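I have placed the structure first, in the form of structure tokens, so that the comments after it can refer back to it.
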Amino acid sequence: MGFKKILVAIARSPEADRVFETALTLARQEGANLYVFHCLGVGPVALGPGADLYGEGAVNSAQVQQEVIKKEMEDVEKWLHDYRKQARGLGIPAEFEYQIGDAGWWIREIASRWGADLVVVGRHGRSSLAEFFLGSVSNHVLHHVKCSVLVVQGEAESGIETRESF
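Following this line, the structure appears as structure tokens:
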């Protein structure tokens, strides 16, 4: 194979550990460096009980959103730090990064900037209809990065589909 730079993009989902373990195993076998990445998606913020149609309760919404994002960033940084620590404990050079925005775009950007020769990404196992409406980060990565891509298949979901950040 000859992979020396493996970018692993993980979502905060049940598949995260399996995706990371797959990348970790490959990095160990190949003697590769590992770059652990997560993208936070930003969605609408609930305005709380003071919200109304005329916007009087929305005065603090920007502050609320900033606090939510700050807390999420702190949690993600700790989570990614733990993954990096696990890799380094096995003698695998590793670093991490997180960004806010579109996961597919960021994965492509980081793979190009870092010079990754393999991207490892999970797939949620959504139905075709849900994937049509919600999109697929793994599909975007397959079609837009300029290196090899390994997609770790997740469990098939049932019920209402939700979009998770990567």
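According to the working numbering, numbering within the sequence shown proceeds without interruption in unit steps and concludes at 167. Glycine included, C-beta positions come from ideal geometry on N, C-alpha and C. None of the values given here were measured: they were computed from a predicted structure.
As DSSP reads the structure, residue 150 sits in a beta bridge with 120. At the C-beta level, residue 153 and residue 112 stay beyond 8 angstroms of one another. In the DSSP assignment, residue 70 falls within the unbroken alpha helix (DSSP H) covering 62-90. Segment contact: the segment 71-88 against the segment 107-123, fewer than three CB-CB distances shorter than 8 angstroms; contact not assigned. Judged by DSSP secondary structure, residue 111 falls outside any beta strand (DSSP E) and instead within the alpha helix (DSSP H) spanning 104-115. Restricting attention to 142, 96 and 123, the CA atom closest to the CA of residue 15 is found in 123.
At least 8 angstroms separates the beta-carbon of residue 99 from that of residue 141. When DSSP states are grouped into helix, strand and coil, residue 4 belongs to the coil group. Residues 35, 85, 88 and 89 of the same chain have their beta carbon placed closer than 6 angstroms to that of residue 95, with the five preceding and five following residues left out of the count.
In the displayed model, residue 24 falls within a helix according to three-state DSSP. As a beta-bridge residue in DSSP terms, residue 37 pairs with 9 and 97. Taken through DSSP and simplified to helix, strand or coil, residue 31 comes out as helix. The continuous alpha helix (DSSP H) containing residue 139 extends over residues 138-145.
Apart from the 5 residues on each side of it in sequence, residue 117 sits with its Cβ closer than 6 angstroms to the Cβ of 6, 8 and 148 in its chain, given in chain order. Close CB contacts of residue 143 within its chain, under the 8 angstroms cut and outside five residues either way in sequence, are with 150 and 152 (chain order). Rounded to whole angstroms, the gap between the alpha carbons of residue 11 and residue 24 is 10 angstroms.
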